[in-house]
Amino acid sequence: MGMDKVVVDAADAVGDIPDGASLAVGGFGLCGIPGVLIHAVLERAVRGLRVVSNNCGVDDWGLGLLLRESRIARVTSSYVGENKEFARQYLEGELEVELVPQGTLAERLRAGGAGIPGFYTPAGVGTSIAEGGLPWRYRPDGTVAVASPPKETKAFGGREYLLEEAITTDFALVRAAAGDRHGNLVFHSSARNFNPLVAMAGRIAVAEVEELVEPGDLDPDQVHLPGIFVQRVVPIAASDPAAQKRIERRTVRARQEVGV
1 MGMDKVVVDA
11 ADAVGDIPDG
21 ASLAVGGFGL
31 CGIPGVLIHA
41 VLERAVRGLR
51 VVSNNCGVDD
61 WGLGLLLRES
71 RIARVTSSYV
81 GENKEFARQY
91 LEGELEVELV
101 PQGTLAERLR
111 AGGAGIPGFY
121 TPAGVGTSIA
131 EGGLPWRYRP
141 DGTVAVASPP
151 KETKAFGGRE
161 YLLEEAITTD
171 FALVRAAAGD
181 RHGNLVFHSS
191 ARNFNPLVAM
201 AGRIAVAEVE
211 ELVEPGDLDP
221 DQVHLPGIFV
231 QRVVPIAASD
241 PAAQKRIERR
251 TVRARQEVGV
């Protein structure tokens, strides 16, 4: 592979994602989601995807678009509370779901990218996370078809920990505020929460970037993810409808009348 990793067309960048591929997707809520790449995957009509992401978007945006078209077979995630279609598919046995504590999910992705096969954590000790039995998939009649297995535990210093396995995926889709042709990326604020870890975990990481710069333009001390973890860079335009930045939930206070 040459040092120039730019792929101009998003469709070309995701063109080799097959049916049944495992796919790590960046973003935190609707912040920092790779919307252009998700739309490109949607247009390819691939099915049976096994997705790892902090959340699954909302009903009409982000990964929710793939979910709505029944393209996703399995989700490993931390939070799914904003997606009604997600809940429907899960409860009716159409979708397999592995819920993971958020910090554990982040570390499983990071460990996968670092080549660490597993790690021990206190998160989940004494719960169904450790003991197993969580419903991963239901049958249409509401009974459990697939349940989570128990996890190995071990004591360190008199405290119990459970073993969590690292996550690696076939592909990773991320969004960065800026990136150069070598794949070095900079993320903005909360978009940094999961995007770097997701890119690390993917064997082929594809990054859509809001601003493409030349090698050397980024201050090395400001790079959040080095290009060694990124295989393809896709420059996107702010005018692209799929590139818009949506607000997941808007909460405002009622205007208070000023007394005399």
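UniProt numbering puts the first residue of the sequence shown at 1, with every later residue one more than the last. Ideal placement from N, C-alpha and C gives every residue a C-beta, glycine not left out.
DSSP-derived helix/strand/coil call for residue i
i	result
residue 108	helix
residue 135	strand
residue 1	Unreliable placement is indicated for residue 1, whose pLDDT of 48 sits below 50; the coordinate value is still reported in the next sentence. Coil.
residue 195	helix
residue 243	helix
residue 252	coil
residue 228	helix
residue 258	coil
residue 145	strand
residue 125	coil
Whole-number beta carbon distance between residue j and residue i, since they are thought to touch under 8 angstroms
i	j	result
residue 23	residue 173	7 angstroms
Burial state of residue i (16 or more Cβ within 10 Å)
i	result
residue 231	buried
residue 227	buried
residue 186	buried
residue 113	buried
residue 156	exposed
residue 171	buried
residue 5	buried
residue 257	exposed
residue 247	exposed
residue 3	exposed
residue 145	exposed
According to DSSP, residues forming a beta bridge with residue i
i	result
residue 154	161
residue 235	209
residue 176	209
residue 119	164
residue 99	77
residue 22	50
residue 202	169
residue 72	49
residue 31	28
residue 185	179 and 225
field: At least three beta-carbon pairs within less than 8 angstroms, the segment 43 to 56 to the segment 72 to 83
entry: yes
field: Contact the segment 126 to 144 vs the segment 81 to 93: 3+ CB pairs below 8 angstroms
entry: yes
- prompt: Counting Cβ pairs closer than 8 angstroms, one from the segment 124 to 136 and one from the segment 149 to 163, do we hit at least three?
  reply: yes
message: If contact is defined by three or more beta carbon pairs under 8 angstroms, each pair taking one atom from either stretch, is the segment 234 to 254 in contact with the segment 190 to 208?
response: yes
- request: Decide if the segment 27 to 44 is in contact with the segment 4 to 15; the criterion is three or more beta carbon pairs, one per stretch, under 8 angstroms apart.
  value: They touch, by the three-pair rule.
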